[in-house]
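For reference, the structure discussed in these notes is given below.
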């Protein structure tokens, strides 16, 4: 069972249903992992749909993929990976009780996340202007116009769902910033930062899959 | 029966705060269980009202009571209400919420706020669906098949889809909460193989909640986006595949059947042990059968699509896998029967429901094997045979277990006993009414009567009238328990902490339990279902 050394019966952060902070932290961490499993299945339905249609219509998917802006996509990938680094450092700072550093790193993470969303909306705007949003006004070279709509439907759905997760992530980071500000986060109790980090890294990893699947089709050598 | 002192504890979860706020803002898993109980009962009777109208229409061969379009809405709303808003949350959200922490000796679920949030999410989802109903209903069938749902239907698909989408997250949160609680909150001495089988079944159910629900959520979201923004995911005009929707839909919706029936199986295991005074025969086999059903359940969805243009090879594989589900299911049925064999059976109301479950589930399960066989399934697809089969599982199985469990734990929930004679009577009425309603439908389906039509050839009338007559008996059978259970809240005899002389942890605390469940954290020193000595000896 739980080691007695980490027994803090009167810690202010200890919820009534738990016996110890260690139990509480284990439960929260397991809860986040289970939630991430759910998320994998949530995105999984989309990845499955993508895989099937890409297998059926490889040329149309490659042609549609060429319309995406690889440079902006690559910049965004770099931005997100950097935000994962600042997030990981934030967890480390929380473990060491470096409150100021923690707050700086959280703000940096949020700034990077917001830049990602900013770049993403520039891309969305371009697609809108180029009539690449599926529906009645969709325009594409005649040969692929039907199947390219499926590609762009998936593009908007997958990146849109990812962006929604980023927005939620920013909200979580704001709450974490509040907790750090009030001094709730201590070396004994930094679980909230840790599991928010798990979530942030997960959203990051989803993008690591989305970027090549959506942006890099048919771009390898002859 | 045990002679423990019968009294109403001065302080318990029901009198720990009065007023609407003490309920709507509660974090107590027991109160949240009761909030769910009230909400799902409402949806059960709304869904039931649609069933009444369906059976009234089918009393005569001509489509004379409602138009064909109205009829389409009736069976759709019946299905949506019953599946997503009653059957799926039924046992987990009510009895599960109430019992999971108590049965493992915890003070509450791991995440009480999340638990309350799940109820609100359920209510918001329900509100969207009720709005769809009031705004004119929806006619896609509860399965939302594309392209009808995305292109053709002119009814309220979007609010209904949103309702189902939102409610899914309440299932996910409940499942997440149960998994973490069972892993991390067990009392000292409560090892995995001392857990009651109800907990094992809740664990298996939670796995399906967590793994399956997100897939239907995203699928339904795709339908809504396709309909709303003219995106193309399943649209054949763009080269999309409507059959892909069916794959994604059934990837969740077949396991959903096990979400409905696994909890009932857990309840029946508890009932059989308690009313036969015996350790459940082959405890670990029954426990692992729950997990096996949960896992296998994810591999059989293709049997819903034998006529949907699936390749013959996939159909064969899905057929074989579907047959495999029969093995863990049969393990359970045989083990319950073996437990009853030479047991000291007492014929209390919950036990009547348990026996009803075993019989009806066996019929439902065996007819499921007919449907797993590709050739036979092609013959009866979309007929009343299917309707009869899944109602034997969902009503004969899930609902029987739910009512049995509700009666068994009612003294714990309310602190009072229900009137035994009335309860036995209504158990009998329900069993009779159920069989009269649904058995003729097997015959109708085999003779070729298709589902989802409001008119039928006159030669089918006799069997349809039998079915409608049975449905009215069944309806009465459901009303009686609702009335006497409410009555017993105030006027029932006091139950005492252990009215059945059972040995689970939930019977060691008072009825109703205190808000923190136990005066002090229990230490479990005895094996599960150890009926060699009364509970008092174990605790002492």
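Chains as they are written, first to last, in this note's numbering: chain S, 5 to 226; chain L, 37 to 576. Ideal Cβ placement from N, Cα and C applies to all residues, glycine included.
From 224/L, 275/L, 265/L and 298/L, pick the residue whose C-alpha is nearest to that of residue 242/L; which is it?
298/L
If distances are taken between C-alpha atoms only, which option among 417/L, 519/L and 436/L comes closest to residue 480/L?
417/L
Taking a Cβ distance cut-off of 7 Å, strictly less, list which residues of the segment 25–39 of chain S are near chain L, in chain order.
27, 30, 31, 34, 35, 38 and 39
Residue 150/L in three-state terms, based on DSSP:
helix
Sorry if obvious, but does the Cβ on residue 551/L come closer than 8 Å to a heavy atom of the ligand SAM?
Annotation note on the ligand SAM: not contained in the displayed structure, which lists no ligands.
The alpha helix (DSSP H) enclosing residue 208/S, as first and last residue numbers
195–219
Residue closest to residue 414/L, alpha-carbon to alpha-carbon, out of 525/L, 50/L, 458/L and 341/L
341/L
For residue 268/L, which residues in chain S fall below 7 Å Cβ to Cβ?
138, 153, 154 and 157
With a Cβ-Cβ cutoff of 9 Å, do residue 21/S and residue 146/L count as a contact?
yes
Residue 8/S to residue 58/S span [Cα, whole Å]
Unreliable positioning characterises residue 8/S in this predicted model, as indicated by a pLDDT of 44, which lies under 50. The coordinate reading is nonetheless provided below. So the alpha carbons of these two residues sit roughly 55 Å apart.
Contact defined as beta carbons within less than 8 Å: I believe residue 510/L pairs with residue 469/L. What is the distance between those atoms, to the nearest angstrom?
3 Å
Using a C-beta to C-beta distance shorter than 9 Å, which residues of chain L count as neighbours of residue 48/S?
250, 251 and 254
Helix, strand or coil for residue 230/L per DSSP?
helix
Against residue 265/L, what residues of chain S qualify as contacts under a CB-to-CB distance less than 9 Å, listed in chain order?
137, 138, 139, 157 and 160
Once the 5 residues before and after residue 202/S are set aside, which same chain residues still bring their CB inside 6 Å of it?
36
Classify residue 136/S as buried or exposed, calling it buried when 16 or more other Cβ atoms lie within 10 Å of its own Cβ.
buried
Judging by CA-CA distance, which residue of 210/S, 155/S and 199/S is the nearest neighbour of residue 170/S?
210/S
For residue 188/S, which three-state DSSP category applies?
coil
What separation, rounded to the nearest whole angstrom, lies between the Cα atoms of residue 348/L and residue 184/L?
25 Å
Are any of the Cβ atoms in chain S nearer than 9 Å to that of residue 193/L?
no
Closest by C-alpha distance to residue 112/L, when choosing among 194/L, 558/L and 180/L:
180/L
Could one say the Cβ of residue 221/S lies closer than 9 Å to chain L's Cβ atoms, at least one of them?
no
So with CB distances below 7 Å, who are the chain S contacts of residue 148/L?
21
I want to know whether the segment 168–176 of chain L touches the segment 245–252 of chain L - three or more CB-CB distances under 8 Å.
no
Of all Cβ atoms in chain L, is any one closer than 9 Å to the Cβ of residue 45/S?
yes
My parser needs the alpha helix (DSSP H) runs of 4 or more residues fully inside the segment 42–69 of chain S; what are they?
62–69
Is it true that the segment 189–204 of chain S meets the segment 57–68 of chain L, where meeting means three or more beta-carbon pairs spaced less than 8 Å apart?
no
Tell me, please, whether the CB atom of residue 58/S is closer than 9 Å to any CB atom in chain L?
no
By how many angstroms is the C-alpha of residue 287/L removed from the C-alpha of residue 412/L?
22 Å
What residue range is occupied by the uninterrupted alpha helix (DSSP H) comprising residue 572/L?
571–575
Leaving out five residues before and five after residue 210/L in sequence, what residues of the same chain have Cβ atoms less than 7 Å from its Cβ?
128, 129, 154 and 245
Test item: CB-CB of residue 259/L and residue 182/L under 9 Å
yes
Using a Cβ-Cβ cutoff of less than 7 Å, which residues in the same chain neighbour residue 542/L once the five nearest sequence positions on both sides are dropped?
135, 138, 139 and 448
Do you know whose CA, among 186/S, 185/S, 180/S and 208/S, lies nearest residue 195/S's CA?
180/S
Determine the direct distance from the alpha carbon of residue 557/L to that of residue 438/L, and round the result to whole angstroms.
29 Å
Taking only beta-carbon atoms, is residue 194/S less than 9 Å away from chain L?
no
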